[in-house]
Amino acid sequence: MAVGSMKDIKRRIKSVESTMQITKAMELVASSKLRKAKQRAEDSRPFFNALYEIMSEISAENSDFSSPYTKKRDVKQSLYIVIAGDRGLAGGYNSNVLRLAENDAKGKNVKILAIGKKAVEFFSKRGANILEGYAGIAETITTEETSVLSDIVTKQFLDGEVDEVKLYFTEFVSTLSQEPRTLPVLPIARFEKKDGNHRSLTSYDPSPEQVYDRLVPQYISGLIFGAVVESYASEQGARRVAMESATDNADEMIEELSLLYNRARQASITQEISEIVSGAKAQD
Amino acid sequence: MSTFKVKVITPDRVFYDGEVQHIVVRTTEGDTGILKNHENYVASLQVGEMKMKIDDEWKHAALADGVIKVGKDVTTILSHSCEWADEIDVDRAKKAQEKARASLESKKSDLEFDIATLKLKRAINRINIANRW
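Protein chains in written order, with this note's numbering: chain A, 1 to 284; chain B, 1001 to 1133.
Structure below.
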């Protein structure tokens, strides 16, 4: 019997070890992808900061200015852009952001623009009104792709199909912590005027409104790009942490099982010795 | 010739950050030249060529759509992509052109059509500028 249980334990150790190898490898892959994703997020920041600055200057300098993008309407139909991952095994990363969007959508007319396989699956399973769904674009997303998304979103808004647009993504707070966040996209909130009596000394070609209105799609494309890159970094961070703790757990389990194995081994040796000794005694 | 500070920024990098004597960009209203002490100015850019005079020498670059803002201290150009003429990979641009053209002809969804149009415009712009300079 002791021999049998020893075999069982050995087999379990082996299976835990092979699982640990997988989680360890996934951890390493996630940390290298995380490094790249963080770099991408940082590289794109100067561009979007500058873009945001120009937009806020135009609307701050021109008090008489009006744009269809800033006009508030009664919200009858919303559009949520929801960004989640393409794969699971990333702790609560996917479910946190999807829950947040689902709770907000309760009792409202909401169209969904889903980015990431998990987001597409989640909302189609619940029979939500999916406007578009994109899977597998997060890792290599380009501003060309996001500018197309931005065109869809702005068109929906300008045509009166939707009255507000919100973005759901996961903010990368640190390697250890990622927060699901929501951000209003359209209508764009008017920026505060910096000082009271500021007259515009800038000339706009052809006009502030037209420059502004041409900038908005780029700005939204930038928001989406930033949110996707940030969410992707969060996904990798979450996966790294999840896989790290899985590896630690496997390590612990192996330790416990090794202890059991050694105990079983000792017991079987002790038994053998006592059998030999009693056998020898019987011969005397 | 006196110089002024210019920054050209794309989403993936800071393309140029330095002193320039003269700069010409293609706005939605046509080509516009900027010299030192230009008034404050903001305009949208379309896919086209950008010329910069640095150390008495003109340099040419392919610029995608974006925006230019001339401020008191610094002129900022934001664009989705920007490449020097000698940096352009013509083979790649030609392949992109063919691919874009093929997907335009295959009449897919509006979305793919839009992407293809944009890609085609950018590819043609790249090829033109690379060939000219």
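Here a beta-carbon is modelled for each residue, glycine too, at the ideal position from N, C-alpha and C. Please read these numbers as outputs of a predicted model, since none were measured by experiment.
Query, Result
"Counting contacts by CB-CB distance shorter than 8 Å, is Val1047/B in contact with chain A?", "no"
"What does Leu113/A reach in chain B if we use C-beta pairs closer than 7 Å?", "Simply none; closest approach about 12 Å."
"Apart from the five residues on each side of it in sequence, which residues of its chain come closer than 8 Å, Cβ to Cβ, to Asp205/A?", "Val211"
"Please identify, using Cβ separations under 8 Å, the residues of the region 1098–1121 of chain B that lie next to chain A, in order along the chain.", "Leu1111, Asp1114, Ile1115, Leu1118 and Lys1119"
"Please specify which runs of the beta strand (DSSP E), each continuous and at least 3 residues long, are wholly inside the region 151–188 of chain A, giving them in chain order.", "164–172 and 178–186"
"Look at Lys166/A and Tyr80/A and say whether their C-beta atoms are less than 8 Å apart.", "yes"
"Are there three or more Cβ pairs, one per stretch, closer than 8 Å when the region 1110–1130 of chain B is compared with the region 1067–1076 of chain B?", "no"
"Pull the bridge partners of Thr1032/B from the DSSP assignment, please.", "Val1025/B"
"Using a C-beta to C-beta distance shorter than 8 Å, which residues of chain A count as neighbours of Val1067/B?", "Leu51, Ile54, Val211, Arg214, Leu215 and Gln218"
"Over what stretch of residues does the beta strand (DSSP E) that includes Thr1075/B continue unbroken?", "Val1074 to Ser1079"
"Pairing CB atoms from the region 1086–1101 of chain B with CB atoms from the region 1117–1131 of chain B, are three or more of them under 8 Å?", "yes"
"Would you mind telling me which residues of chain A sit closer than 7 Å to Ile971/B, beta carbon to beta carbon, in chain order?", "Past the boundaries of the shown model lies residue 971/B; chain B is included only from 1001 to 1133, so the question cannot be answered."
"Is Tyr69/A helix, strand or coil by DSSP?", "coil"
"Could you check the C-alpha separation between Arg40/A and Asp1012/B for me, to the nearest Å?", "7 Å"
"According to DSSP, is Glu209/A helix, strand or coil?", "helix"
"Any beta carbon of chain A sitting closer than 8 Å to that of Ala1043/B?", "yes"
"Decide if Ala1102/B is buried, meaning its Cβ has at least 16 other Cβ atoms within 10 Å, or exposed.", "exposed"
"Does DSSP put Asn262/A in a helix, in a strand, or in coil?", "helix"
"By the three-class DSSP mapping on this structure, what secondary structure does Gly85/A have?", "coil"
"Determine the extent of the beta strand (DSSP E) in which Val1042/B is found, giving its start and end residues.", "Tyr1041 to Leu1045"
"Ala128/A to Ser78/A, Cα distance in whole Å?", "13 Å"
"Note down, in chain order, every chain B residue with its Cβ under 7 Å from the Cβ of Val165/A.", "Per Cβ cutoff of 7 Å: no residues; Val165/A is ~17 Å from chain B at best."
"Exposed or buried, Ala25/A, counting other C-beta atoms within 10 Å across all chains shown (16 or more means buried)?", "exposed"
"Between which two residues does the alpha helix (DSSP H) containing Lys1007/B stretch?", "Taken as a continuous stretch (DSSP letters only), Lys1007/B belongs to no alpha helix (DSSP H), being part of the beta strand (DSSP E) at Phe1004 to Thr1010."
"Pull up the DSSP beta-bridge partners for Asp1017/B, would you.", "Lys1007/B"
"How long is the line joining the alpha carbons of Val1067/B and Leu223/A, rounded to whole angstroms?", "16 Å"
"Is it the case that the Cβ atoms of Cys1082/B and Thr1010/B are separated by a distance below 8 Å?", "yes"
"Count the CB pairs spanning the region 1015–1025 of chain B and the region 1050–1058 of chain B that are closer than 8 Å, and state whether there are at least three.", "yes"
"Residues of chain B with CB closer than 8 Å to the CB of Leu131/A, please, in chain order.", "Near Leu131/A there are no residues of chain B at all, since even the closest Cβ is about 11 Å away, more than 8 Å."
"Leaving out five residues on either side along the sequence, give the residues of the same chain with a beta carbon under 6 Å from the beta carbon of Leu1104/B.", "Ala1116"
"What does the alpha-carbon distance come out to for the pair Lys118/A and Gln271/A?", "55 Å"
"Determine which residues of the region 128–160 of chain A have a Cβ less than 8 Å from any Cβ of chain B, and write them out in chain order.", "Glu132, Thr143, Glu144, Glu145, Ser147, Val148, Asp151 and Ile152"
"Secondary structure at Ser44/A, three-state DSSP: helix, strand or coil?", "helix"
"Looking at chain A, which residues of the region 1070–1091 of chain B have a Cβ within less than 7 Å of any of its Cβ atoms?", "Thr1076, Leu1078 and His1080"
"Under 8 Å Cβ-Cβ, which residues of chain A neighbour Asp1056/B?", "In chain order: nothing, as chain A lies at least about 28 Å away."
"Can you tell me which of the three DSSP states Lys108/A falls into?", "coil"
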